[in-house]
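Heads up, the sequence shown is in this note's numbering, so the first residue is 1 and it goes up one at a time.
C-beta: ideal position from N, C-alpha, C; glycine also.
Note that this is a predicted model, so its numbers are computed, not measured.
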Amino acid sequence: MKEYTTAMQQKISQFMSRFSLRTIIISIVLLTTTISLILSTFYLQKYVVQNEYKHAKDKMSTIAKIFATDEQVKKALIQDKTSKDIQDLSLEVAKISNMDFIVVLDKKLIRLSHPNPDVIGKPFSDLDDARQALNGDAHFSQKKGVLGDGIRFFVPVKDDNNQIIGVICAGITLDTLQGEIHNLQAKITLILLIGLFVGIIGALISSTAIKRILLGLEPQDISRLVQENKWINDEINEGIIAVNDKKEITLINQAAHSLLSSIDSSFQLTMHQKIDERLFAAFFNHCFETQSKQTDQELLLHTTTLIATTSPITVNKVFNGAVITFRDQSEMYQLIHTLSGSQQYIEALRAQTHEFMNKTHVIMGLIEQKKYDLVQDYIQQISQDYQKEIGYVTELIHSPVIAGFILGKINEAQEQQVTLTLNPYSFLPDLKLDDTVHQVIQIVGNLLDNAIDATKEEMIKNVNLLITYEMEGNILIIEVIDSGCGIQTSDVEQLFQKGFSTKGMGRGYGLHAIYRIVNEHGGLIDITNNEDTGATVYIELPLKQKGGQNERSNY
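Printed below as a string of structure tokens:
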């Protein structure tokens, strides 16, 4: 049964798809209007016929009774003779009251008046019918008379002694009655046709207005667009939620369901229901207050950081709600961190390669001059210096990756005539940092890059790096001190904002990335100017406490 119903619905849909929306609306309006008019016509015709018959009977009975009390009529009946005045009176009253005839009969049922003068003085055509009135019985009858089939009313005429002295017969022919009924029906039909015409005009206007509201789309186009829109929304990796001005959800895709459920299983979002107040406060509160767009804003939902863009929904310049697109950016930032760490590796290797090439050129020059003793002495000196440098770093930094990175940054700093020194109080065991090593490299790399940039234009070009590990709290401490120009007080509050930089356009992402990493670990950042010159950046990075807002950050 269900399959049959589905098949029928598909056939109806296919049939309806052949017609435009305007055609469908006009057809429906015409069909309903026509059916309503036809039913109304049958009812009204029946009502008109019944009402007209009743009205005619009421009129003829009233006229007959009034005519029966006229003194002139009584006088003629008492004298038992015809009178021109009675005939004239009967014709005049019949004309005024739209009656076809008023006949005055004496006790012998002889006509004293009639529309046809030839029958005056002759007996009534249906004596039995008229004789009932002589017996005091006022009554209606529908029979054929001199003027044809008609409805008539008989009423006795009484003298002052209440004795019956004659009969009054007032009536209307069926032809006259049918003519009046047809006239009324013609008026009703005209009104109904006007109603049908108004219905057609209304259908045209309504269909045009509906087409304009639907942007000229046909029903099948709307159905297809809705299905395509749902499919597209569910295929988008970003979560999408739209709410109206009543905070009711009007759109939510599968990605939004999945992401929010993974963050908090209590987030139950249902179409056309009000959004969870927690989500509204995080996602839409600012947009509802300002009715402005926010692009790539960072939202912290529980322990998950989302990157979201919120836009107001306006229709005809009226605020109707808001829509948000969002995505969990942890994977993206992990990729950014990895790439950033790789870039730091590349820079360190480049510096070491450049230094190695310089020394290779010296060796080649000495060989060409056949000064082999000097070559041997030079190589020994290089080896001693290198072993001393490597030994110093690796003795303090037991992580091979980080130690190699620091060595590369030392060589890179030397290329720019900057002295980069690893603080002798540094100590980092070979911890299993896993993915955190890339974040550490990114922090150290960005801090050293900023310190080198700050000092390379100064007379004294010194950068000091401290990396140490507090086993008790499982905290990594990173401190970079430079002899640069320091940081202006007005810039301190903005240093960690994405895109802010004192070095021009296209910069300002390094410190923001550092802040994000430290914030994810629940760490601490402190930036201060030194008493003499330069600045100090101090970072505490808990290695186990991932997630959570950094409430200790000090700018």
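- Message: Can you check which of these residues, Ala322, Gly473, Leu306, is closest to Thr290 by C-alpha distance?
- Response: What you label residue 290 is simply residue 290 of the sequence shown in a count that begins at 1. For Thr290, the nearest C-alpha among the options comes from Ala322.
- Message: Once DSSP output is grouped into helix, strand and coil, what is the label at Cys485?
- Response: Locating residue 485 in the sequence shown gives position 485, where the first residue counts as 1. Residue state, collapsed to three classes: coil.
- Query: Nearest to Ala64 by CA position, among Ile38, Asn98, His398, Ile102, is which residue?
  - Reply: The residue given as residue 64 occupies position 64 in the sequence shown. Here the closest residue by C-alpha is Ile102.
- Query: Looking at the unbroken beta strand (DSSP E) that takes in Arg327, where does it start and where does it end?
  - Reply: Sequence index remark: in the sequence shown, residue 327 carries index 327 (1-based). In the DSSP assignment, Arg327 falls within the unbroken beta strand (DSSP E) covering 318-328.
- Round the Cβ separation of Phe288 and Ile241 to the nearest angstrom and send it over; I've been treating them as touching at under 8 Å. Locating residue 288 in the sequence shown gives position 288, counting from the first residue. Locating residue 241 in the sequence shown gives position 241, counting from the first residue. The Cβ separation is near 14 Å, so there is no contact.
- Enclosing alpha helix (DSSP H) for Lys54 [first to last residue]: Sequence index remark: in the sequence shown, residue 54 carries index 54 (1-based). From DSSP, the alpha helix (DSSP H) with Lys54 extends over 21-68.
- Query: Looking at Leu420 and Leu448, is the spacing between their C-beta atoms short of 8 Å?
  - Reply: The residue labelled residue 448 in the question sits at position 448 within the sequence shown. The residue labelled residue 420 in the question sits at position 420 within the sequence shown. Yes; because the gap between Cβ atoms is below 8 Å, this pair is in contact.
- Whole-angstrom C-beta distance between Asn464 and Asn423, which should lie under 8 Å: The count along the sequence shown starts at 1 and reaches residue 423 at position 423. The count along the sequence shown starts at 1 and reaches residue 464 at position 464. For a cut-off of 8 Å, the C-beta gap from Asn423 to Asn464 is around 6 Å, short enough to register as a contact.
- Message: Measuring only the C-alpha atoms, how far is Ala186 from Leu177?
- Response: Start at 1 with the first residue of the sequence shown, and residue 186 comes out as number 186. Start at 1 with the first residue of the sequence shown, and residue 177 comes out as number 177. The C-alpha of Ala186 lies about 14 Å from the C-alpha of Leu177.
- Task: Please work out which residues of its chain come closer than 7 Å, Cβ to Cβ, to Phe319, disregarding the five sequence neighbours upstream and downstream, and give them in chain order.
- Result: As a working mapping, residue 319 is identified with position 319 in the sequence shown. Excluding residues within five positions, the ones whose Cβ falls inside 7 Å are Asp245, Gln291, Pro312.
- Closest by CA to Ser223, which one among Gln297, Ile26, Leu21, Thr189? Locating residue 223 in the sequence shown gives position 223, counting from the first residue. With distances taken between CA atoms, Ser223 lies nearest to Leu21 out of Gln297, Ile26, Leu21, Thr189.
- Task: State the Cα-Cα distance for the pair Thr536 and Glu479, rounded to the nearest angstrom.
- Result: Taking the sequence shown and counting its residues from 1, the one referred to as residue 536 is at position 536. Taking the sequence shown and counting its residues from 1, the one referred to as residue 479 is at position 479. When the Cα atoms are used, Thr536 and Glu479 turn out to be separated by approximately 7 Å.
- Cβ of Lys74 within 8 Å of Cβ of Phe153? Looking up residue 74 in the sequence shown gives position 74. Looking up residue 153 in the sequence shown gives position 153. Taking 8 Å as the cut-off, the beta carbon of Lys74 is found no closer than this to the beta carbon of Phe153.
- Status (buried if at least 16 other CB within 10 Å, exposed otherwise) for Gly506: The residue given as residue 506 occupies position 506 in the sequence shown. At Gly506 the pLDDT is 38, less than 50, meaning the model places this residue with poor confidence; the figure from the coordinates comes in the next sentence. Exposed.
- Message: Between the alpha carbons of Thr314 and Ile213, how many angstroms are there, rounded?
- Response: Taking the first residue of the sequence shown as position 1, residue 314 is located at position 314. Taking the first residue of the sequence shown as position 1, residue 213 is located at position 213. Cα to Cα, Thr314 sits roughly 16 Å from Ile213.
- Query: Taking DSSP as the reference, what is the three-state secondary structure of Ile460?
  - Reply: Position 460 of the sequence shown, counted from the first residue, corresponds to residue 460. Of the three classes helix, strand and coil, the one that applies to Ile460 here is coil, per DSSP.
- Message: Tell me which residues share the same chain as Ile263 and place their Cβ nearer than 6 Å to its Cβ, disregarding the 5 neighbours each side in the sequence.
- Response: On the sequence shown, position 263 is the one that residue 263 refers to. So the list reads Leu301, His302, Thr304, once near-sequence residues are dropped.
- Message: Ignoring anything shorter than 3 residues, give me the beta strand (DSSP E) runs that lie fully in the region 227-298, in order along the chain.
- Response: As far as the region 227-298 is concerned, its whole beta strand (DSSP E) runs of at least 3 residues are 239-244, 249-252.
- What number of angstroms, rounded off, separates the C-alpha of Phe405 from the C-alpha of Ile441? Reading the sequence shown from its first residue, position 405 is the one you call residue 405. Reading the sequence shown from its first residue, position 441 is the one you call residue 441. Those two C-alpha atoms are separated by around 8 Å.
- Could you spell out where the alpha helix (DSSP H) holding Asp449 opens and where it closes? Sequence index remark: in the sequence shown, residue 449 carries index 449 (1-based). Where Asp449 is concerned, the enclosing alpha helix (DSSP H) stretches over 436-455.
- Item | Straight-line gap, Ser215 to Ser261 (C-alpha atoms, nearest Å) | In the sequence shown, residue 215 corresponds to position 215, counting from 1. In the sequence shown, residue 261 corresponds to position 261, counting from 1. The question names Ser, but residue 215 in the sequence shown is Leu. So the alpha carbons of these two residues sit roughly 36 Å apart.
- Flag this pair as yes or no: are the beta carbons of Asn462 and Thr455 separated by less than 8 Å? Position 462 of the sequence shown, counted from the start, is the residue given in the question as residue 462. Position 455 of the sequence shown, counted from the start, is the residue given in the question as residue 455. Yes; because the gap between Cβ atoms is below 8 Å, this pair is in contact.
- Message: At the level of alpha carbons, what is the spacing between Lys158 and Asp175?
- Response: The residue labelled residue 158 in the question sits at position 158 within the sequence shown. The residue labelled residue 175 in the question sits at position 175 within the sequence shown. Cα-Cα distance, rounded: 32 Å.
- Query: Based on the DSSP secondary-structure assignment, which residues constitute the bridge partners of Arg111?
  - Reply: The residue labelled residue 111 in the question sits at position 111 within the sequence shown. BP columns for Arg111 point to Leu105.
- For Leu77, the nearest candidate out of Thr189, Ile38, Arg111 (CA to CA): For the purposes of this step, residue 77 is identified with residue 77 of the sequence shown, where counting begins at 1. Of the listed residues, the one whose Cα sits closest to Leu77 is Arg111.
- Met60: which of Asp532, His438, His361, Gly171 sits nearest, CA to CA? Here residue 60 refers to the residue found at position 60 of the sequence shown. Nearest neighbour of Met60 by Cα position, chosen from Asp532, His438, His361, Gly171, turns out to be Gly171.
- Query: What residue from Lys54, Val29, Glu472, Asp126 has the CA that sits closest to Ile205's CA?
  - Reply: In the sequence shown, counting from the first residue as 1, residue 205 sits at position 205. Considering only alpha carbons, the answer is Val29.
- Message: Using CA atoms only, rank isn't needed, just tell me which of Gly145, Ser483, Gly179 is closest to Cys169.
- Response: As a working note, residue 169 is residue 169 in the sequence shown. Cα-wise, what sits closest to Cys169 is Gly145.
- Inter-stretch contact (C-beta, 8 Å, three-pair minimum) for the region 33-49 and the region 122-140: Not touching, per the Cβ criterion.
- So the alpha helix (DSSP H) Val518 belongs to, where does it begin and stop? For the purposes of this step, residue 518 is identified with residue 518 of the sequence shown, where counting begins at 1. It spans 510-520 - the alpha helix (DSSP H) in which Val518 sits, taken as one unbroken run.
- How long is the line joining the alpha carbons of Gln380 and Gly486, rounded to whole angstroms? As a working mapping, residue 380 is identified with position 380 in the sequence shown. As a working mapping, residue 486 is identified with position 486 in the sequence shown. Their backbone Cα atoms lie some 41 Å apart in a straight line.
- In whole angstroms, what is the alpha-carbon distance linking Thr23 and Glu248? On the sequence shown, residue 23 is found 23 positions in, with the first residue counted as 1. On the sequence shown, residue 248 is found 248 positions in, with the first residue counted as 1. Their backbone Cα atoms lie some 35 Å apart in a straight line.
- Message: My parser needs the alpha helix (DSSP H) runs of 4 or more residues fully inside the region 124-172; what are they?
- Response: DSSP runs (the alpha helix (DSSP H)) wholly in the region 124-172: 127-134.
- Item | Secondary structure of Ile397, DSSP reduced to three states | Here residue 397 is taken as the residue at index 397 of the sequence shown, counted from 1. Three-state result, Ile397: strand.
- Task: Could you have a look at Pro542 and say whether DSSP puts it in helix, strand or coil?
- Result: Here the question's residue 542 lines up with position 542 in the sequence shown. In the three-state reduction of the DSSP assignment, Pro542 falls in the strand class.
- Query: With a CB to CB cut of under 8 Å and the five nearest residues on each side skipped, what residues in its chain are close to Ile443?
  - Reply: Looking up residue 443 in the sequence shown gives position 443. Ile478, Ile514, Ile517, Val518, Ile539, Leu541.
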